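A short worksheet on the structure shown next.
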Amino acid sequence: MTPFVRRFVAVPMLVLSGACTSGSSTAEVPPAPPPARASAASAWVPVRAASRVALAEAPALVLSSPDAVAALSAPFRARVQQVRARPGQQVKAGDPLVEVLMPEVVEAAGAASAASLRLEAYSRQVERLEALHAQGLAKLPDLADAQTQQAEARAALVAAHAVLRVAGISPGEARGVAERGTVWLKSPIGGIVTEVRAVLGEMQPEASAALVRVAADGPARLEARLSVRPPVDASFAFVSSQGIAVPVRWVGQSPVVDAADGTWRAWFEPEDTAAVLRAGQGGRLRIQAAAGEDTVLVPARALAFDRARTVVFTRGGEGQAVLQEVEVLATSGAEALVKGPLSARDAVAADGAALLLESQAGDGDEVTP
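This is the structure:
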């Protein structure tokens, strides 16, 4: 074929080829739909039963009972004459432990003895003058003078007894103190001598420190500093440094909050009256949730706040997240005690706020994670 013929044939072939191409063009493929928006990534965390779960712990200290400790001190200036107490000694209530010389007390004891004698004498004189005056044999001024002397003696006796009472001396002991010149300081309780500071011959100033201290076992009370309000049905236990837990019950709380750390004081006592807590012993107060089918523990981050309600998301039967309204009873660290339609068989979303945002964006209460 000549070059001319080849060119002649090629032109129709090109035209035909172009026509076939334009006629057999396929329809346009529609764009692929955007991928479904994934929900917020959140792990599922199992719900825990609240029974016997410690919600919080707080530092606690065992306080001594007011009638289980005693201090012997001299209310006036005193010189130590004799000491019978030794640390660790077992004593009974009323046992004399320290003998002291208190000039003011000895003087008051002497004044009381003298006033008692004068009062007795003037009382007899008044009785005699009253009988004579009734018969017209005694003058009224004589009777009035005797009555005045009687009143003065009674006033002196009352003043002397007041000083003796400050020193713990009864009126019947005044004569013996006046004759002996010294006073025995006696233990007001039975117990163990824990401290002796009395030194023979040492002069103690007025209202000085305790010469002897005595302690005994007694009903103790626990003081704890709380930073959270425990639930109404919570139970409490004192855990000592040895790890022994003693159940205690709520006694009361202080209405004042410490401005330094925001804590407030609360007091407890052992549920078992036979339980012995040593005064000064430190430990931790453990706050435990009360048992209840609708009271469970969830992560604190699982809580979400939708307007005026608190919600969590539970995992439904088909894997969807279902919104549930709950009541928060207490929070402690990373956990929260809630009450609502939950059980220990459920699981909640670890990040409730993220799922709440997705739920609001989808305008529904169910979100497929």
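If you count by mature numbering (1 follows the signal peptide of the UniProt record, and there is no 0), then the sequence shown holds residues -27 to -1, 1 to 342, one letter each, in order. From the three backbone atoms N, C-alpha and C, an ideal C-beta is built for every residue, glycine too. Nothing here was measured: the structure is a model prediction, and the numbers come from that model.
Practice item. Specify whether the segment 118 to 135 and the segment 149 to 167 touch according to this definition: at least 3 beta carbon pairs, one from each stretch, less than 8 Å apart. Key: no
Review point. With 16 other CB atoms within 10 Å as the buried threshold, where does Asp231 fall?
Key: Sequence index remark: in the sequence shown, residue 231 carries index 258 (1-based). So Asp231 ends up on the exposed side.
Review point. Is DSSP giving Pro6 helix, strand or coil here?
Key: In the sequence shown, residue 6 corresponds to position 33, counting from 1. Because Pro6 sits at a pLDDT of 44, beneath the cut-off of 50, its placement in the model cannot be relied upon, and the following sentence gives the value as read from the coordinates. Secondary structure of Pro6 (DSSP, three-state): coil.
Review point. How many Å lie between Leu276 and Leu250 at the Cα?
Key: Against the sequence shown, residue 276 aligns to sequence position 303. Against the sequence shown, residue 250 aligns to sequence position 277. So the two alpha carbons sit approximately 40 Å from each other.
Review point. Is Gly83 helix, strand or coil when you go by DSSP?
Key: If you number the sequence shown from 1, residue 83 lands on position 110. Correct three-state label for Gly83: helix.
Point to revise | Neighbourhood of Ser(-4) by C-beta, 7 Å cutoff - its chain only, sequence neighbours within 5 removed | key: Within the sequence shown, numbered from 1, the residue matching residue -4 stands at position 24. Bear in mind that the predicted position of Ser(-4) carries a pLDDT of just 46, short of 50, making it unreliable; the figure below should be weighed with that in mind. Correct list: empty, nothing qualifies.
Review point. Taking contact to mean at least 3 C-beta pairs separated by less than 8 Å, is the segment 286 to 295 in contact with the segment 317 to 333?
Key: Flag = yes, the segment 286 to 295 and the segment 317 to 333 touch.
Point to revise | Residues bridged to Gly225 (per DSSP) | key: To locate residue 225, count along the sequence shown from 1; it is residue 252. Answer is Trp240.
Check your understanding: For Val71 versus Leu45, is the C-beta spacing smaller than 8 Å?
Key -> Mapped onto the sequence shown, residue 71 falls at position 98. Mapped onto the sequence shown, residue 45 falls at position 72. Yes, the Cβ-Cβ distance between Val71 and Leu45 is below 8 Å.
**Study point:** Inside the segment 276 to 319 only - beta strand (DSSP E) runs reaching at least 3 residues
**Key:** 277 to 279, 282 to 288, 294 to 305 and 308 to 312
Check your understanding: Taking DSSP as the reference, what is the three-state secondary structure of Ser213?
Key -> In the sequence shown, residue 213 corresponds to position 240, counting from 1. It is a strand residue.
Exercise for review: Report the three-state DSSP secondary structure of Ser208 (helix, strand or coil).
Suggested key: Taking the first residue of the sequence shown as position 1, residue 208 is located at position 235. Under the three-state reduction of DSSP output, Ser208 falls in the strand class.
**Study point:** For Gly163 and Ala197, the rounded distance between their alpha carbons
**Key:** Within the sequence shown, residue 197 is the residue found at index 224, counting from 1. Within the sequence shown, residue 163 is the residue found at index 190, counting from 1. Ala197 and Gly163: Cα-Cα distance of roughly 29 Å.
Exercise for review: Evaluate the contact criterion for the segment 18 to 36 versus the segment 256 to 270: three or more CB pairs, one atom per stretch, below 8 Å.
Suggested key: Yes, the segment 18 to 36 touches the segment 256 to 270.
Point to revise | Glu175 in three-state terms, based on DSSP | key: Mapped onto the sequence shown, residue 175 falls at position 202. Three-state result, Glu175: coil.
Review point. Around the C-beta of Ala204, are 16 or more other C-beta atoms found within 10 angstroms, so that it is buried, or is it exposed?
Key: One-based indexing of the sequence shown puts residue 204 at position 231. Sequence inspection shows Pro at residue 204; the Ala mentioned does not correspond to that position. That one is buried.
Exercise for review: Could you tell me which residues DSSP puts in a beta bridge with Ala43?
Suggested key: In the sequence shown, residue 43 corresponds to position 70, counting from 1. Answer is Val187, bridged to Ala43.
Exercise for review: Could you round the C-beta distance between Val284 and Val311 to whole angstroms and report it? I think they count as a contact, below 8 Å.
Suggested key: For this step, residue 284 is matched to residue 311 along the sequence shown. For this step, residue 311 is matched to residue 338 along the sequence shown. Actually they are not in contact, since the Cβ atoms of Val284 and Val311 sit about 10 Å apart, beyond 8 Å.
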